Amino acid sequence: MPKPFTLVIGNRNYSSWSLRAWLPLRKTGVDFDVVRIPMDTDEFQQRIGEYSPTRRVPVLQAGDLTIWDSLAISEYLAEQFSEARLWPDNPSHRAIARSISAEMHSGLMAMRDEFPMSCRARDRQVQGSPQAMQDLARVEQWLEVCRGLKPGNGALFGHFTIIDSMLIPVLLRFHTYGLAKSDLAKEYLEWVLADADVREWMELAEKETEVIEHEER
Ligand SMILES: N[C@@H](CCC(=O)N[C@@H](CS)C(=O)NCC(=O)O)C(=O)O
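Using our numbering, you'd call the opening residue of the sequence shown number 454 and step up by one each time.
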């Protein structure tokens, strides 16, 4: 019996956008298949066109429907699974969460380029450019804004929402490169690393054997 959804992802170790789609799908509780295609390989080039019009991952297949792009997948899941409350309940909080998610989705290029995600890597020492450091400072500002609106620990708006899945791959970089400086970032990172789904993803990433040289620092 085919499962209702199939998520096509890249390497768990490297593919931050795959993680951003996998997490909200996981949080809905729905059953789904994963097709993992290792990136930067001949296999990726041969197979990706079968799934993805952009030749990128993630892609969600929902019956006949194909949804490419992590944010579009997240929005679709939020609509289909309203009980999962994938956006904050409060409309103002929702607007801010969407603004930050969109900013993450379309920006922070220097940080993304200079501090690539590698879930299994630790203690990396990288000197970021001024632009990358500005991007990292922006992440700290986001945390301050969210905690200002909704004081507390753990998920930014009291329960897991899409803003968390947008930020979690950044927090995993904080872990890899020792970038969590403020108490807010340290506390949030602690919550991220304790999340059962994040842990599962990281454990599976550890078992992957592929190495993408240009993603290593
Ligand atoms: N805006 C897209 C970005 C997708 C993306 O850049 N995916 C990367 C992996 S994290 C990819 O497919 N890289 C493979 C390639 O470019 O060959 C999204 O949010 O889903």
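Note that CB positions come from ideal geometry on N, CA and C, so glycine has one too.
Note that the structure is predicted; figures quoted are calculated from it, not measured.
- Item | Whole-number beta carbon distance between residue 598 and residue 621, since they are thought to touch under 8 Å | Taking C-beta atoms under 8 Å as the contact rule, residue 621 and residue 598 fail to qualify, at a distance of about 17 Å.
- Confirm the yes/no value for this check: CB of residue 623, any heavy atom of ligand 1, distance under 6 Å. Not so, every heavy atom of ligand 1 lies at least 6 Å from the Cβ.
- With distances taken Cα to Cα, identify the nearest neighbour of residue 639 among 627, 648, 649. Closest option to residue 639, judged by alpha-carbon separation, among 627, 648, 649: 627.
- Helix or strand or just coil, what does DSSP make of residue 510? Secondary structure of residue 510 (DSSP, three-state): coil.
- Query: Which word fits residue 571, buried or exposed, when buried means at least 16 other C-beta atoms lie within 10 angstroms of its C-beta?
  - Reply: With 16 or more Cβ atoms within 10 Å of its Cβ, residue 571 is classed as buried.
- Task: Determine, using beta carbons only, whether residue 470 and residue 506 come nearer to each other than 7 Å.
- Result: Here residue 470 is not near residue 506, since their CB atoms are 7 Å or more apart.
- Item | Own chain residues within Cβ distance below 8 Å of residue 611, not counting five before or after | For residue 611, where only same-chain residues beyond five positions count, the Cβ hits under 8 Å are 541, 603, 605.
- Item | Residues near residue 623 by beta carbon distance below 6 Å, same chain, minus five either side | Correct list, in chain order: 592.
- Length of the line joining the Cα atoms of residue 455 and residue 461: One C-alpha to the other measures close to 15 Å.
- Task: Pull up the distance between the alpha-carbon of residue 532 and that of residue 662, whole angstroms please.
- Result: Each residue's alpha carbon lies about 36 Å from the other.
- Proximity test, residue 468 beta-carbon vs ligand 1 heavy atom, cut-off 6 Å: Yes, since a heavy atom of ligand 1 falls inside the 6 Å radius drawn around the Cβ of residue 468.
- Message: Quick check: residue 618 and residue 476, are their CB atoms within less than 7 Å of each other?
- Response: Yes, the pair counts as a contact, with Cβ atoms nearer than the cut-off.
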